[in-house]
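Below you'll find the structure, written out as structure tokens, and then a few comments.
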Amino acid sequence: EEAIRYGLSIMREGFVKVDHFENIYRLTPKYEGAPNLRQVSGFEIYGSGQPNKSSILSLLDVWFNKQSLTKCLWINMRSEPVIYVKDISLGPRDPKHPSENVHIGDEGIITIDDLNQFNAE
Numbered sequence: 153e154e155a156i157r158y159g160l161s162i163m164r165e166g167f168v169k170v171d172h173f174e175n176i177y178r179l180t181p182k183y184e185g186a187p188n189l190r191q192v193s194g195f196e197i198y199g200s201g202q203p204n205k206s207s208i209l210s211l212l213d214v215w216f217n218k219q220s221l222t223k224c225l226w227i228n229m230r231s232e233p234v235i236y237v238k239d240i241s242l243g244p245r246d247p248k249h250p251s252e253n254v255h256i257g258d259e260g261i262i263t264i265d266d267l268n269q270f271n272a273e
């Protein structure tokens with residue numbers, strides 16, 4: 153409960169960091185919207201930086217429809233919250249510590265109901 157209140161208070165400040173920046177792509181080939189997408193050699197295991205929403209959908213289309221995969225387990229290793237606005241992934245920042253990731257703890261899952269309550273306040 154306290155972690156959710158903290159997360160919502162950070163969101164109330166309206167301070168976010170855009171995840172993608174100039175020169176974020178270091179690996180080739182470049183897959184637009186999924187920075188540094190790579191595959192474990194010989195396996196259908198992939199990794200990337202924080203993808204845009206459209207690139208998640210595009211990758212799922214490639215894997216299911218072009219490569220004929222039947223399952224996908226998507227794991228996000230990000231330790232801070234992610235907010236999608238339109239197609240862009242953003243990271244909330246505490247205005248007191250703008251260069252640090254926000255950590256809201258293990259219980260810090262913010263639900264749609266939490267956001268609705270936040271909007272009502």
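Quick note: the sequence shown uses the numbering used here, first residue 153, plus one each step.
A virtual CB, placed ideally from N, CA and C, is assigned to each residue, including glycine.
Annotation for Ser241: the continuous beta strand (DSSP E) segment containing it runs Ile240 to Pro244. Approximately 14 Å separates the beta-carbon atoms of Val254 and Gln202; this is outside 8 Å, ruling out the contact. The residue from Val214, Arg164, Thr180 and Asn188 with its alpha-carbon nearest to that of His172 is Asn188.
Note on Gly199: under 16 other CB atoms within 10 angstroms of its CB, so exposed under the neighbour-count rule. Distances from the CA of Glu174 to each of Glu184, Trp215 and Leu211 were compared; the closest alpha carbon is that of Glu184.
Counting along the chain, Lys205 sits inside the alpha helix (DSSP H) bounded by residues Lys205 to Asp213. Take Phe216, set aside five residues on each side of it, and the residues of its chain with a beta-carbon closer than 8 Å to its own are Thr222 and Cys224, in chain order. Its Cα nearest to that of Ser207, the residue Ala186 stands out among Ala186, Ile227, Ser193 and Gly194. Using a Cβ distance threshold of 7 Å, Pro244 and Val168 count as a contacting pair.
Arg230 and Ser241 have their C-alpha atoms spaced approximately 12 Å apart.
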